[in-house]
Amino acid sequence: MAPIPFLSRFRKKKKRNIPTASPKQVDRLFAIHRTRLDLGERPLPRIIHVETRSKCNGECDFCAAAVGKDVRSDEIMPDEIIDNLIRQLQDARYPNRLSFYNNNEPFLDDRMPGIIAKARQALPRAYLELKSNGKSLTVDKLYQVFQAGLDALYINDYRTAKQAIAKEHSPSVAKIMEELRASRRFKGHFAETHYFDRVIVSLSRIDVALGSRAGTAPNRSPLEAPQSVPCMRPFEMLTVNPGGLVMLCCEDLMCVEPMGDLNKQGLWEIWSSPEYDVVRRQLLDGDRSCKSTCAKCDYRGYTMEIFEELGVSSHQGGAMI
């Protein structure tokens, strides 16, 4: 998605091309993962999404979880599942990204400050983040989650085309931005040209067409056939829905391809299961017909961050080499 910059004392986002990896880099990445599979190695997921309530108050054209489109029931994750999940992450000394959202609006769950506090106390090494549309976000809630231990908050303010072009934020987000401008706390460290913000605000069109979202995007035509493109998501991402089901991918809105159930299994038991490894090998080979969701997906199959973390690429002058 290409956010429209907001003008403030915070970092101004410049329109730029989305970086891509070279075929050589991708081949090296695949080789690393194939070797790890052959050796039985399964590194901890880089990203864990935990959806604690299944509802969103957004009206985005591209999302089947939007108001008026979502066919899911309003399901709230039991505290027992949340606590058990955090304990298992604590036992593993989890050091990566933990995101308490997925296809939902996290601030519709009034427990969110308390959930963040539990995770922060148990997981001092983890990077805790939230992503919100800003509709139900207030200044008080902003401070509550950061006081609880949140590391970063992303606000995607989706507006009509006319409002986005005019750089007109929603009233709730405009109020948040006013508070941000008045507080040094959320700007983070200043380095040469910009702040390393702890709150990132993006203004985007509500009618934007993004990816197919595993075939669920209402404003995208379905793929004619599965793409023959490898995907790294089962190597780096783990997603849990409110019922405790571990999903193969964050795009699986209805959880039609569950990989396990936290009500019956341990988190790492699921992550290390033979069933998971079968799918990993199939997607490593570019076989997106392996699962119904993958067959409908047009995701490119990787993030640039994983190349950096595995030493496959480096930055020079802001470009990937």
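Under our numbering, the first residue of the sequence shown carries the number 125, and numbering increases by one thereafter. Just so it is clear, CB atoms sit at the ideal spot from N, CA and C, and this is done for glycine as well. It should be emphasised that the depicted structure is a prediction, and the values quoted were computed from it without experimental measurement.
Of the listed residues the options, nearest to residue i (C-alpha basis)
i	options	result
E183	R308, V191, E292	V191
T284	R305, E302, S328, D411	S328
K179	R211, Y225, A216, P147	Y225
K415	L247, N387, V380, R322	V380
I240	T262, L407, L274, K259	L274
T159	F359, T176, I330	F359
A272	K265, P237, I279	P237
M371	P354, L391, Y278	L391
H293	F314, V353, Y319, K259	K259
D162	P398, T427, M383	P398
E199	D422, R177, C421, L213	R177
D321	D376, D331, S307	S307
Residue(s) in a DSSP beta bridge with residue i
i	result
V380	DSSP, once it has assigned bridges, lists no residue as partnering V380.
V174	V364
D385	L369
E199	The partner list for E199 (beta bridge, DSSP) is empty, contrary to what the question assumes.
L254	L277
Local Cβ density within 10 Å of residue i, reported as buried at 16 or more and exposed below that
i	result
A216	exposed
A145	buried
D233	buried
N257	buried
Q245	exposed
I300	buried
P143	exposed
L252	buried
H313	exposed
E229	buried
F186	buried
DSSP state of residue i mapped onto helix, strand, coil
i	result
M371	strand
M356	coil
E165	coil
K193	coil
L247	coil
E393	helix
S260	coil
L434	coil
S132	Summary for S132: the model assigns pLDDT 35, below 50, so the residue's position carries little reliability; its value from the coordinates is reported in the next sentence. Three-state DSSP puts S132 in coil, outside helix and strand.
S223	strand
E183	coil
(request) Note down, one range per segment and in chain order, each beta strand (DSSP E) of at least 3 residues found wholly within the segment 266-334. (result) Taking 3 residues as the minimum length, the beta strand (DSSP E) runs contained wholly in the segment 266-334 are 276-283, 323-329, in order along the chain.
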